[in-house]
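Below is one structure, written out as structure tokens, with a few remarks after it.
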Amino acid sequence: MVATGGPVATFSVWDYVVFAGTILVSAGVGLFQAIRGRKETSSAEFLLGGRQMTAVPVAMSLTASFMSGITVIGTPTEAYRFGAAFWLFGFSYAIMSAITAEVFVPLFYRLGITSAYEYLEMRFSKPIRIIGTSMYIVQTALYTGLVIYAPALALNQITGLDLWGVLVATGAVCILYCTLGGLKAVIWTDVMQMVTMLAGFVAVIARGAVLQGGLTKIWEDAGKGGRLEAFDFDPDPLKRHTFWTIIVGGSIMWVSIYSINQSQVQRYISCKTLRHAKMSLYVNMVGLWVTVSLAMFSGLTMYSIYKNCDPFTNGDISSQDQLLPYLVMDILADYPGIPGLFVAAAYSGTLSTVSSSINALVAVTVEDFILPVCKNLTEKQVTWMNMGLSVFFGALCIGMAGVASLMGSILQAALSIFGMISGPLLGLYLLGMLFRTTNSIGGLSGMIIGLVLTLWVGIGGQIYPATAEKTNPLHVSTAGCNNTMGQNYTTTAPWTSPLTSQPDVRPPLADSWYSLSYVYLSLLGTLTTMVSGLLVSMITGGCKQEKMNPDLFVKMSDLFCFSCSSKSEASEVPEKDATDFYMEADNPTFTDFDVMSKDAEKATKL
Numbered sequence: 317m318v319a320t321g322g323p324v325a326t327f328s329v330w331d332y333v334v335f336a337g338t339i340l341v342s343a344g345v346g347l348f349q350a351i352r353g354r355k356e357t358s359s360a361e362f363l364l365g366g367r368q369m370t371a372v373p374v375a376m377s378l379t380a381s382f383m384s385g386i387t388v389i390g391t392p393t394e395a396y397r398f399g400a401a402f403w404l405f406g407f408s409y410a411i412m413s414a415i416t417a418e419v420f421v422p423l424f425y426r427l428g429i430t431s432a433y434e435y436l437e438m439r440f441s442k443p444i445r446i447i448g449t450s451m452y453i454v455q456t457a458l459y460t461g462l463v464i465y466a467p468a469l470a471l472n473q474i475t476g477l478d479l480w481g482v483l484v485a486t487g488a489v490c491i492l493y494c495t496l497g498g499l500k501a502v503i504w505t506d507v508m509q510m511v512t513m514l515a516g517f518v519a520v521i522a523r524g525a526v527l528q529g530g531l532t533k534i535w536e537d538a539g540k541g542g543r544l545e546a547f548d549f550d551p552d553p554l555k556r557h558t559f560w561t562i563i564v565g566g567s568i569m570w571v572s573i574y575s576i577n578q579s580q581v582q583r584y585i586s587c588k589t590l591r592h593a594k595m596s597l598y599v600n601m602v603g604l605w606v607t608v609s610l611a612m613f614s615g616l617t618m619y620s621i622y623k624n625c626d627p628f629t630n631g632d633i634s635s636q637d638q639l640l641p642y643l644v645m646d647i648l649a650d651y652p653g654i655p656g657l658f659v660a661a662a663y664s665g666t667l668s669t670v671s672s673s674i675n676a677l678v679a680v681t682v683e684d685f686i687l688p689v690c691k692n693l694t695e696k697q698v699t700w701m702n703m704g705l706s707v708f709f710g711a712l713c714i715g716m717a718g719v720a721s722l723m724g725s726i727l728q729a730a731l732s733i734f735g736m737i738s739g740p741l742l743g744l745y746l747l748g749m750l751f752r753t754t755n756s757i758g759g760l761s762g763m764i765i766g767l768v769l770t771l772w773v774g775i776g777g778q779i780y781p782a783t784a785e786k787t788n789p790l791h792v793s794t795a796g797c798n799n800t801m802g803q804n805y806t807t808t809a810p811w812t813s814p815l816t817s818q819p820d821v822r823p824p825l826a827d828s829w830y831s832l833s834y835v836y837l838s839l840l841g842t843l844t845t846m847v848s849g850l851l852v853s854m855i856t857g858g859c860k861q862e863k864m865n866p867d868l869f870v871k872m873s874d875l876f877c878f879s880c881s882s883k884s885e886a887s888e889v890p891e892k893d894a895t896d897f898y899m900e901a902d903n904p905t906f907t908d909f910d911v912m913s914k915d916a917e918k919a920t921k922l
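Per this note's numbering, residue 317 is the first one in the sequence shown, and the count goes up by one each step.
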């Protein structure tokens, strides 16, 4: 196929039918789970699925939670514009899965927590827990607004769907099945949405292969266009993507996303055994590999088709993030319903992430802010509060979509948000889990210093985007377009931020400090927090070790994989709160999560 530019088709009736059908099925899952579990309306059932989930659906839900509409829209564009370097994140996913499964999961599972930030009170103090929870709420609201806004904006300008109408509809559906069905509805809906996302990628690749004469031709075109040069071993930390930024910085970034983010922690502690919890992360790793590979190959397919007529340079679209929706309407419009499937795929990713965020925000708000103050609430009152908060946070995330519209490249902006806030939080957790000498003053001081530093760099990078020399955009051409003013034009402009027009005068820090690769933000925050936290702790006298519960620290037994987990599951999970841990630190007792279930006696006998 030879692309020549120009307008493309819009949605047909069948496209609307497929798109609407997907959203209705998502809402139906929530209603089904609400009806099915109407007699089991406890807070644990709503927030943690009764702690009876198994590995595979939780793994697919873990994958879908952060493989959002941003992934569907942004990752193929990344491959098209910058090449296959993003594929190296597959190594980061493996490192992240191993660290999270072998270090964080056993500790959180052993403590029997609902909110990941309960640990901060157990290990440090109540104020630090409140600060940690507040940082998570701000981060998640911003990220979720971006998740809702970015795909809606891209698809609105291609398909003609009303932007704010789709935004409100997206939020309303998520609110519906989060409010009525709780975590079970979220996880099972994520499974369906994950399948839809993958089907959308496969449809794009299959049709592109037919048009271009096979997958081999697509691969050859990508090679000729420099899209397959992934391994850049330049140690320069200012370059956007190199082998080192992705392997080192990317691994820490994804550890911060998966190990301490409530949206993810809430999923793997909902598993019925520690074995299932660990297995869910390793299966999730495979899911991440498959998803990012299909997304990247979709981007290479897009380059093969548009190698001689770049739609953005030619003026056919107004944003780089509209490339894949434009491609879909260009090559799949002759197949009624298929463009609808792609839009459904993008919105399935959005729905899964938004629903995860709402459910997690409810969990941390109830556990960290409400229950410690209102201790005499009945189970029914807590359940109604959960539902009310689901509505509130759903509306808040829709509102935050307006803020998200001011940010630049959606994929980079989304990961930058996590780097700026999750990096210092990860440093705080590691201080608590690995070093017994760290005290509350040191932990709080380190986190504040790390947060200030990452916000300084991250916001500076948004205002003064890195130059093309550091971002390395690849060659695109308009030589084959029918309606272009220039020939063989090469785009060299970096990803720009709508927060401000490109400044005429750049400060000295713009090309050094502010140009630090966004992938390193999390590493910067983690290291700064740990180093400064340890120094302040030593200056202020350290921590009295005899008062600390040993279960708050990483144990050597945690680091063994599945062979040891089955022997220790029955004695790893305490059914206690933070107060119990302080009172019984010298003589802890443990029960298995299964004791919470209706089949407790049978489970114990087995």
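Every residue gets a Cβ at the ideal spot worked out from N, C-alpha and C, and that includes glycine.
Under the three-state reduction of DSSP, which class applies to Cys797: helix, strand or coil?
-> coil
Three or more C-beta pairs below 8 Å linking the region 699-713 and the region 529-545 | no
If you compare alpha carbons, which of Tyr425, Leu868 and Val682 is closest to Thr753?
-> Leu868
9 Å Cβ cutoff met for Leu462 and Ala717 | yes
Rounded to whole angstroms, what's the CA-CA distance from Thr844 to Gly428? Just pull it up for me.
-> 30 Å
Taking the Cβ atom as the reference point for each residue, do Val659 and Pro641 lie within a distance shorter than 9 Å?
-> yes
Which runs of the alpha helix (DSSP H) fall wholly inside the region 753-787 and span at least 4 residues, in chain order?
-> 756-779 and 784-787
Can you tell me the Cα-Cα spacing of Leu604 and Leu667, whole angstroms?
-> 18 Å
Taking the CB atoms as reference points, tell me whether Gly758 and Val678 lie closer together than 9 Å.
-> no
Unbroken alpha helix (DSSP H) run spanning Ile595, endpoints = Checking the sequence shown, residue 595 turns out to be Met, not Ile. Taken as a continuous stretch (DSSP letters only), the alpha helix (DSSP H) holding Met595 covers Leu590 to Tyr622.
Is the CB of Gln636 under 9 Å away from at least one CB in chain B?
-> No chain B is part of this structure, which consists of one protein chain only.
Classification of Pro866 by the beta-carbon crowding that lies within 10 angstroms, buried from 16 upward | exposed
So, Leu731 versus Met612, is the Cβ gap smaller than 9 Å?
-> no
Thinking Val768 and Tyr830 are a contact (beta carbons under 8 Å), I'd like their distance in whole angstroms, please.
-> In fact, because the Cβ distance is near 15 Å, the residues do not count as touching under 8 Å.
Measure from the alpha carbon of Arg822 to the alpha carbon of each residue in Gly796, Ser848, Lys691 and Tyr780, then state which is nearest.
-> Tyr780
Taking C-beta to C-beta, are Gly766 and Thr842 nearer than 9 Å?
-> yes
Start-end ranges of the alpha helix (DSSP H) lying completely within the region 502-574, minimum 4 residues | 531-540
Please confirm whether Val608 and Thr770 have their CB atoms less than 9 Å apart.
-> no
Alpha helix (DSSP H) segment containing Arg426, residue limits | Val421 to Leu427
Hey, how far is the Cα of Thr512 from the Cα of Thr393?
-> 19 Å
With a 10 Å radius around its C-beta and 16 neighbouring C-beta atoms as the bar for buried, classify Phe312 as buried or exposed.
-> No answer is possible for residue 312: the residues shown for the chain start at 317 and end at 922.
Could you check what DSSP says for Lys442 in three-state terms: helix, strand or coil?
-> helix
Buried or exposed: which applies to Ala784, given that a residue is buried once 16 or more other Cβ atoms fall within 10 Å of its Cβ?
-> exposed
Go through its chain and collect everything with a Cβ distance to Thr681's Cβ below 7 Å, but skip five positions before and after it.
-> Leu705
Determine the DSSP secondary structure at Asp478, reduced to helix, strand or coil.
-> coil
Cα-Cα separation, Leu643 to Thr391 | 14 Å
Ser409 - containing alpha helix (DSSP H), residue span | Correcting the residue identity first, residue 409 is Tyr in this sequence and not Ser. Per DSSP, Tyr409 belongs to the alpha helix (DSSP H) from Phe405 to Ile415.
If we call anything under 9 Å between Cβ atoms a contact, is Ile573 one with Leu404?
-> no
Out of Phe685, Gly406, Leu554 and Thr416, which has the shortest C-alpha to C-alpha gap to Ser828?
-> Leu554
Starting from Arg397, follow the alpha helix (DSSP H) in both directions and report where the run begins and ends.
-> Gly385 to Phe398
Along the chain, where does the alpha helix (DSSP H) that runs through Met846 open and close?
-> Leu837 to Ile855
Assuming Gly524 contacts Thr617 (C-beta within less than 8 Å), just tell me the rounded distance between them.
-> 4 Å
Gly322 in three-state terms, based on DSSP = coil
To the nearest angstrom, how far is it from the Cα of Phe337 to the Cα of Gly776?
-> For the sequence presented, residue 337 should be read as Gly rather than Phe. Roughly 43 Å between the two C-alpha positions.
May I ask which residues mark the beginning and end of the alpha helix (DSSP H) holding Pro641?
-> Leu639 to Ile647
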